[in-house]
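J.: Below is one structure. I have some questions about it.
In structure tokens form, the structure reads like this:
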């Protein structure tokens with residue numbers, strides 16, 4: 063079986079990213095399905111290997127074509143951009159923010175050039191990005207800018223349940239103004255295209271309700287009546303297999319048992335709570351709507367345990383496995 067080639071930037075060097083990368087590259091589950099090219103700093107990865115105690119040898123390479131993908135080898139593109147005299151675990155650092163951005167940018171460059179099949183990312187820290195004068199709020203915005211994608215779609219997958227997000231990093235008050243018929247129609251169409259590209263061509267998408275009991279026909283709010291239902295009705299007339307609004311207290315359970323192939327969550331926490339309650343460690347973010355495939359862990363830099371070796375690599379392993387699963391559906395060289 064041909065293995066997918068996955069770029070893995072190590073994230074913020076002061077966080078747990080390097081440790082979960084080391085543990086994942088040493089994992090047989092990852093070795094069996096993926097050839098990984100790590101993008102980071104050799105000094106940091108040597109530290110991570112020592113801290114985690116995994117049996118890996120670093121091979122420094124210029125590009126994926128130089129990789130030695132035997133078990134026990136960590137193939138590293140070394141950007142050599144961390145001054146260890148100034149480095150400290152668990153601290154917000156402009157140096158580490160700049161370094162993390164450089165690892166992501168290099169990984170995207172490889173994917174844009176079709177030198178790798180996908181990118182599986184590790185945690186970054188928003189404060190460190192800001193301290194490093196990197197003017198992006200997070201991964202999604204970086205990937206959007208560097209792939210020329212205006213509004214990438216975020217999808218979570220955990221244990222086969224897929225959740226898209228109509229709105230993400232905005233306040234609840236601002237979110238309410240974004241619940242419009244036009245936005246829902248646009249997002250559903252784009253989500254359907256994203257699912258098809260992932261190879262998911264059968265099944266129904268459910269739209270989550272916004273208000274308690276989906277508003278009870280205006281009793282608890284009018285968004286369902288004025289915006290959500292009209293959008294669903296128009297989509298159905300156009301032939302899209304979509305239903306709703308389904309109360310948010312039940313729709314995610316129904317998706318988890320296979321009734322729906324996906325759910326459109328209307329705001330950030332609505333879908334995050336559902337997926338992470340189902341399986342916190344195996345909730346993986348997939349950024350859709352771009353010319354390249356990106357998966358990611360959905361946990362943070364965990365500064366409080368960085369450098370201790372205590373961090374679980376389950377989420378990182380799952381992110382690489384999902385990247386390998388979906389990569390064949392994307393154009394490769």
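In my numbering, the protein residues as written are 63 to 395. In this text, a Cβ means the ideal position worked out from N, Cα and C, and glycines have one as well.
(1) Determine the direct distance from the alpha carbon of residue 71 to that of residue 166, and round the result to whole angstroms.
(2) Below 8 Å on the Cβ atoms is my contact criterion, and I expect residue 357 with residue 345 to pass it. Report the Cβ-Cβ distance as a whole number of Å.
(3) Start and end of the beta strand (DSSP E) containing residue 346?
(4) Does the Cβ-Cβ distance between residue 246 and residue 293 come in under 8 Å?
(5) Determine the DSSP secondary structure at residue 248, reduced to helix, strand or coil.
(6) Going along the chain, which residues of its own chain have a beta-carbon closer than 6 Å to the beta-carbon of residue 115, five neighbours each way excluded?
(7) Below 8 Å on the Cβ atoms is my contact criterion, and I expect residue 334 with residue 229 to pass it. Report the Cβ-Cβ distance as a whole number of Å.
(8) Look at residue 215 and residue 241 and say whether their C-beta atoms are less than 8 Å apart.
(9) What's the C-alpha gap between residue 124 and residue 135?
(10) When burial is assigned at 16 or more other CB atoms within 10 Å of the CB, is residue 150 buried or exposed?
(11) Tell me the DSSP secondary structure of residue 205 in three-state form.
(12) DSSP three-state label for residue 233, please.
(13) Indicate the three-state DSSP secondary structure (helix, strand or coil) for residue 314 in the structure shown.
T.: On the basis of the supplied data:
(1) 6 Å
(2) Not a contact, Cβ separation roughly 11 Å.
(3) 346-350
(4) yes
(5) helix
(6) none
(7) About 12 Å; that fails the 8 Å criterion.
(8) no
(9) 15 Å
(10) exposed
(11) helix
(12) coil
(13) helix
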